[in-house]
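What follows is a single structure, written as structure tokens, with notes after it.
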Amino acid sequence: MSKRDLKECKRFEQELHAKLLLFEQAREWADLSNVLMALHKIFSKENLNGEQFSEAFYQRRLARSQMKRTLGRRLAQCLNAQLPSGVHLNTLRIYDSIFSQIGSDGLVQDLGIYSSGLFPHVANCGKTVQAAAICLTLIFLEKHYLPLKTRLEPCLTGLITALLPIMEDEGNPNNPKVLDLFKKLVEGVGDATFCSTLWLLLLKTPKIRLPGIRLLRIINNFIILILLSIKYLSSSKVHRSWGLVLQTLELLLEDSNQLVQRGILDFIAQFMPLRSRVLWGGHNVRLLRAILALLRQNDGSLNRRIVFLLTSRYDDFGKMDAAARTYFERHVHGTLMAVATLSSTTPSSSPISTSYCLRIITCLLQEVEEIKSRIVPELSIPVLLYL
């Protein structure tokens, strides 16, 4: 770096330090707005005595600064949900100037510093600011984050978690924009990476489960993404099988929110029906057992979806036409018998787990009476052995 550049970097750090000290004197949001406007000036190219410097200089100037973390924390504080949207917009202007100067390479290096403030702001957007401000925030993410593509992977979890709450309200006018952003995100990071990250979030983050399930069902051709995800998970060193997906499905079916339960049942019916080859062997048994456990809630909307999974029919719960009987015998009967008999014939099964399975089957027989003649004779001996 030339002496001239070193001199400018030193002057920049002195100015930045002085502006950051002003945050300590701010007492109300109007003070913050003034500080932010002053801070924005030092990130403006036209502020350096009217002289023009290369993009590389601006990147080095910020990369050398020892105050980046302090700057990141102050900007994050200015995106607090309790502050007016005007303060948020002024803060985004500074982010925009910084990101434009450091470029994609610089942003990748400092993703943690700046994303720690931006992502919580995005998550709060749907509830705390106007639709126009949300739209501007989404445009900002599309401009600076999406071009990173696969380099977004270190912060992909945070970005998806931030965007999903905006979709919680189905009537949100920004939903089409969010969906478009998600589709571009999938194209950028790759199908398998996106899918595995989303499944992991559904497993570990209850607050995003409802919009996450909606996203699963809305994205076009998602069955292809699911299959790619399963293939990826099967070959991954971390997830040697796609047990992550199955574990997530089981947990979603046990969620305390019935909207989540209904949503995941609809998802299974659409993309992973029992007739498909997405599930196999013991996985099918585990999933069907988790589905049938919902019958104990005696909820009509849940029961209707479960009967559809078993018979491919929504109506006439107590009766099965020829098509429904054929579907049941061909795709469901064997798995259902495995659910009913596995625990009672396994020596390691506890009495509690065995009786639990039998209670589930009892609930099913009460819901669809015609199934009795098809499974009760086969269940007699296992039940007697258990008793």
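For reference, each letter of the sequence shown is one residue, going 808 to 1194 in the working numbering.
Even glycine gets a Cβ: it sits at the ideal position worked out from N, Cα and C.
- Under the three-state reduction of DSSP, residue 902 is assigned to helix.
- Judged by their CB atoms, residue 1102 and residue 1164 are not nearer to each other than the 9 Å cut-off.
- Taken through DSSP and simplified to helix, strand or coil, residue 1132 comes out as helix.
- By the C-beta density criterion, residue 1112 is buried, having at least 16 other C-beta atoms within 10 angstroms.
- Between residue 1140 and residue 1098, the C-beta gap is not smaller than 9 Å, which leaves the two residues out of contact.
- Membership of residue 847 in the alpha helix (DSSP H) is indicated by the continuous run 836-849.
- Contact between the segment 917-928 and the segment 972-982 is absent: fewer than 3 CB-CB pairs across the two stretches fall below 8 Å.
- Contact between residue 1053 and residue 1093 holds, since their C-beta atoms are separated by about 6 Å, short of 8 Å.
- Here residue 1179 is exposed, its C-beta having fewer than 16 other C-beta atoms within 10 Å.
- Excluding the 5 residues flanking it on each side, residue 1168 has same chain C-beta neighbours closer than 7 Å at 1147, in chain order.
- Non-local beta-carbon contacts of residue 845 in its own chain, meaning distances under 8 Å to residues more than five positions away in sequence, involve 826 and 829 in chain order.
- For residue 881, the closest of 1120, 831, 1021 and 978 by C-alpha to C-alpha distance is 831.
- In the structure shown, residue 1026 falls within a coil segment according to DSSP collapsed to helix, strand and coil.
- For residue 952 against residue 966, the beta-carbon gap comes to about 7 Å, under 8 Å, which counts as contact.
- Here the alpha carbon of residue 1055 sits roughly 12 Å from the alpha carbon of residue 1019.
- Counting C-beta atoms within 10 angstroms of its own C-beta, residue 924 has 16 or more neighbours from the protein chains shown and is therefore classed as buried.
- Scanning its chain for C-beta atoms nearer than 8 Å, with the 5 sequence neighbours on each side dropped, one finds around residue 904 the residues 847, 850 and 851, in chain order.
- If the five residues before and after residue 949 are omitted, its C-beta is found closer than 8 Å to the C-beta atoms of 988 and 991, all from its own chain and listed in chain order.
- DSSP, reduced to helix, strand and coil, places residue 1175 outside both helices and strands of the structure shown, so it counts as coil.
- For residue 1051, the enclosing alpha helix (DSSP H) covers residues 1050-1060.
- Linking residue 883 to residue 1015 through their CA atoms gives a straight-line distance of about 22 Å.
- DSSP places residue 1012 outside both helix and strand once states are collapsed to three, so it counts as coil.
- C-alpha of residue 1071 to C-alpha of residue 1026: approximately 15 Å in a straight line.
- Each of 824, 1067 and 945 was checked against the Cα of residue 981, and the nearest Cα belongs to 945.
- In this structure residue 1066 is exposed. Its beta-carbon is surrounded by fewer than 16 other beta-carbon atoms within 10 angstroms.
- The beta carbon of residue 920 is closer than 7 Å to those of 875, 876 and 879 in its chain, skipping five residues each way along the sequence.
- A straight line joining the alpha-carbon of residue 1058 with that of residue 837 spans about 46 Å.
- In this structure, DSSP gives residue 921 a helical state, which the three-state scheme calls helix.
- In this structure residue 833 is not in contact with residue 896, their Cβ atoms being roughly 17 Å apart against a cut-off of 8 Å.
- Rounded to whole angstroms, the separation of the alpha carbons of residue 963 and residue 917 is 14 Å.
- Assignment of residue 1120 by DSSP, reduced to helix, strand and coil, places it in the coil class.
- Residue 976 has its alpha-carbon roughly 54 Å from the corresponding atom of residue 811.
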